[in-house]
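Student: Numbering-wise (the working numbering), the sequence shown opens with residue 4 and increments by one.
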Amino acid sequence: MVQHLLAIDDVADDFEGILRWAIEFKRLWKQLDEVALNFMPLDTLAIGSIYEKPSTRTRVSFEVGIQRFGGSALTLLKNDIQLGKSESVADTSQVLSRFLGGITYRCFGHSDVEELAKHATVPVINALSDRHHPCQAAADLMTVLEHKDDLEGLKVAWVGDGNNVLHDLMLACAMLGIDIHYACPEGYEPDADIVERTQAFAEKNGSSVVHTTDPVEAVTDANVVYTDVFISMGEEHMKDKIKSFEGYQVNETLVGNMAEDWSFMHCLPAHRGDEVTDWVMDHGNSIVFDQAENRMWAQMSLMAYLINNGAWDAMNEFMGLA
Ligand code: CP
Ligand code: NVA
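Given below as structure tokens:
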């Protein structure tokens, strides 16, 4: 059966293994390890990436990661293809499945990536929808694992909109038994079904999921604070929304409530001066550019896992992670 990645809990069973693999592969690749450099699980495969919205990190990290894995990357911008003009998502999916080894899709409505996956005979990876951003969460938790020695008692705080990035972050934290406390203003909470899924993982793994409308309460003694833009792509017409986020800026005063080892995270692009100040973004405790880099390593791991399972097993064995 073809396995897709539409939300991060689609890979719940092997999530930590996928992240450990990414960390180890990154380390070996940077040491110019011959086996890592020559690991080509996408050799002979073309991976197509459809974008309905702009992207810097996702596009570049997929293109470079696919090339490093020996595959060819095809970027398909919405304006250049028939999708949404004279062709449906379902027909596009069946056509692309005849050529490609995998499809990544950045779309507006989450139902579109679900529809693409429903009709695809190759793995589909959600490269951001209005509801989920699983590749971001994989890179984020990889970054947390790299920076924090012990996950026991680790507290991640979210301050901002209850959006696509929070949805997968909260699921991912709970999947690893990390406490997640989120401060979202009234009316901008995460979707109830995703909170429920998060709570189920947290219960299983002995961690907490706490909602508040008070950013100070969320960040107190937290080890990580994460924020994102208040107005996401596709919400440009909702400029007034920003008024609800007064007091939600991550700044020097707010991080003063955090644990001594505090780290700042952001999926980027950041709107400096809105949800975060320059002081926090440029501080030594800001790990936002590690997150950005890790998009590539985490996605390479996900592609090895989803697109070429044989290679995934062999590579785990090679690195002693089997
Ligand atoms: N974080 C993220 O997805 O960035 P891009 O929009 O640049 O891809
Ligand atoms: N929440 C943001 C994330 C961008 C990477 C958006 O959807 O626009």
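Every residue gets a Cβ at the ideal spot worked out from N, C-alpha and C, and that includes glycine.
1. How far does the alpha helix (DSSP H) with residue 291 in it reach, from first residue to last?
2. What residues in its chain sit with their C-beta under 8 Å from that of residue 8, if we drop five residues either side in the sequence?
3. Residue 241 lies in the beta strand (DSSP E); which residues open and close that run?
4. What are the boundary residues of the alpha helix (DSSP H) that includes residue 68?
5. Give the straight-line distance between the Cα atoms of residue 11 and residue 171, rounded to the nearest whole angstrom.
6. Measuring CB atoms only, is the segment 196-213 touching the segment 225-240, in the sense that at least three cross pairs come out at less than 8 Å?
7. Compute the beta-carbon to beta-carbon distance between residue 303 and residue 25, rounded to the nearest angstrom, for a pair I have assumed lies under 8 Å.
8. Counting C-beta neighbours from all protein chains within 10 Å, is the total for residue 207 16 or more, i.e. buried, or is it exposed?
9. Considering only their Cβ atoms, is the gap separating residue 264 from residue 226 smaller than 7 Å?
10. Do residue 93 and residue 135 count as a contact pair if the criterion is CB distance below 7 Å?
11. Pick helix, strand or coil for residue 5, following the three-state DSSP scheme.
12. Tell me which same chain residues have a C-beta within less than 8 Å of the C-beta of residue 112, skipping the five on either side of it?
13. Should the segment 18-37 be called in touch with the segment 46-66, which here means at least 3 C-beta pairs below 8 Å?
14. Less than 6 Å separating the Cβ of residue 129 from some heavy atom of ligand 2?
15. For residue 196, tell me which candidate among 101, 174, 278 and 190 has the shortest Cα-Cα distance.
16. On the DSSP bridge assignment, give the partners of residue 215 in chain order.
17. Runs of 3 residues minimum, wholly inside the segment 48-136: which ones carry the beta strand (DSSP E) assignment?
18. Can you tell me the Cβ-Cβ gap for residue 68 and residue 299, rounded? I've got them flagged as a contact below 8 Å.
19. Opposite residue 269 in the DSSP bridges: which residues?
20. Tell me the rounded alpha-carbon separation between residue 318 and residue 307.
21. On the criterion of 16 or more Cβ atoms from any shown chain inside 10 Å, does residue 38 qualify as buried, or is it exposed?
22. Return the bridge partner residues of residue 140 from the DSSP annotation.
23. Just to confirm, are residue 222 and residue 257 a CB contact at a threshold of 7 Å?
24. Using the C-alpha atoms, what's the distance from residue 178 back to residue 18?
25. Using DSSP with H/G/I as helix, E/B as strand and the rest coil, what is residue 160?
26. Closest by CA to residue 53, which one among 84, 46 and 27?
27. Using the Cβ count rule (16 or more neighbours within 10 Å means buried), how would you classify residue 281?
28. Opposite residue 275 in the DSSP bridges: which residues?
29. Is residue 271 near ligand 1, going by C-beta to nearest heavy atom under 6 Å?
30. Answer yes or no: do residue 260 and residue 146 have a C-beta to C-beta separation smaller than 7 Å?
Tutor: In terms of the structure at hand:
1. As a working mapping, residue 291 is identified with position 288 in the sequence shown. First-last of the alpha helix (DSSP H) with residue 291: 291-310.
2. Reading the sequence shown from its first residue, position 5 is the one you call residue 8. Listed in chain order, the non-local C-beta contacts of residue 8 below 8 Å within the same chain comprise 14, 126, 127, 128, 129, 137, 138, 305 and 309, local neighbours out to five positions each way being set aside.
3. In the sequence shown, the residue the question calls residue 241 occupies position 238. In the DSSP annotation of this structure, residue 241 is not part of any beta strand (DSSP E), being labelled neither H nor E.
4. Position 65 of the sequence shown holds residue 68. Residues 60-71.
5. Looking up residue 11 in the sequence shown gives position 8. Looking up residue 171 in the sequence shown gives position 168. Distance between the alpha carbons of residue 11 and residue 171: 6 Å.
6. Segments in contact, no.
7. Locating residue 303 in the sequence shown gives position 300, where the first residue counts as 1. Locating residue 25 in the sequence shown gives position 22, where the first residue counts as 1. Sure, about 7 Å apart at Cβ, within 8 Å.
8. Sequence index remark: in the sequence shown, residue 207 carries index 204 (1-based). Counting other Cβ atoms within 10 Å of its Cβ, residue 207 stays below 16 and is therefore classed as exposed.
9. Looking up residue 226 in the sequence shown gives position 223. Looking up residue 264 in the sequence shown gives position 261. Taking the C-beta atoms as reference points, residue 264 is found nearer than 7 Å to residue 226.
10. Numbered from its first residue, the sequence shown carries residue 135 at position 132. Numbered from its first residue, the sequence shown carries residue 93 at position 90. For residue 135 and residue 93, no; Cβs fall outside 7 Å.
11. By one-based count along the sequence shown, residue 5 stands at place 2. Reduced to three states, the DSSP call for residue 5 is coil.
12. The sequence position of residue 112 within the sequence shown is 109, counting from 1. Hits under 8 Å: 132 and 133.
13. Taking 8 Å as the limit for Cβ pairs, the verdict is that the segment 46-66 does not touch the segment 18-37.
14. Along the sequence shown, read from residue 1 onward, the residue named residue 129 stands at position 126. Residue 129 Cβ: outside cutoff for every heavy atom of ligand 2.
15. For the purposes of this step, residue 196 is identified with residue 193 of the sequence shown, where counting begins at 1. It is 174 whose Cα lies nearest to the Cα of residue 196.
16. Taking the first residue of the sequence shown as 1, we reach residue 215 at position 212. Bridge partners of residue 215: 186.
17. For the beta strand (DSSP E) assignment, the uninterrupted runs of no fewer than 3 residues enclosed by the segment 48-136 are, from N- to C-terminal side, 49-54, 75-80, 105-109 and 127-129.
18. As a working note, residue 68 is residue 65 in the sequence shown. As a working note, residue 299 is residue 296 in the sequence shown. Approximately 5 Å separates the beta-carbon atoms of residue 68 and residue 299; this is inside 8 Å, confirming the contact.
19. Residue numbering aside, residue 269 sits at position 266 when the sequence shown is read from its first letter. 230.
20. Indexing the sequence shown from 1 puts residue 318 at position 315. Indexing the sequence shown from 1 puts residue 307 at position 304. Rounded to whole angstroms, the separation of the alpha carbons of residue 307 and residue 318 is 9 Å.
21. Residue 38 sits at position 35 when you count from the first residue of the sequence shown. With fewer than 16 other Cβ atoms within 10 Å, it is exposed.
22. Indexing the sequence shown from 1 puts residue 140 at position 137. In DSSP, residue 140 forms no bridge with anything.
23. Within the sequence shown, the letter at position 219 stands for residue 222. Within the sequence shown, the letter at position 254 stands for residue 257. Going by C-beta atoms, residue 222 is nearer than 7 Å to residue 257.
24. The sequence position of residue 18 within the sequence shown is 15, counting from 1. The sequence position of residue 178 within the sequence shown is 175, counting from 1. Roughly 8 Å separates the two Cα atoms.
25. By one-based count along the sequence shown, residue 160 stands at place 157. Residue 160: strand per DSSP, three-state reduction.
26. Here the question's residue 53 lines up with position 50 in the sequence shown. For the options 84, 46 and 27, the alpha carbon positioned closest to that of residue 53 is the one of 84.
27. As a working mapping, residue 281 is identified with position 278 in the sequence shown. Looking at its Cβ environment, which holds fewer than 16 other Cβ atoms inside 10 Å, residue 281 is exposed.
28. Residue numbering aside, residue 275 sits at position 272 when the sequence shown is read from its first letter. Residue pairing for residue 275: DSSP places it in a beta bridge opposite 279.
29. Locating residue 271 in the sequence shown gives position 268, where the first residue counts as 1. Placement of the Cβ of residue 271 at a distance of less than 6 Å from at least one heavy atom of ligand 1 is found.
30. On the sequence shown, residue 260 is found 257 positions in, with the first residue counted as 1. On the sequence shown, residue 146 is found 143 positions in, with the first residue counted as 1. Not a contact, by the Cβ cut-off of 7 Å.
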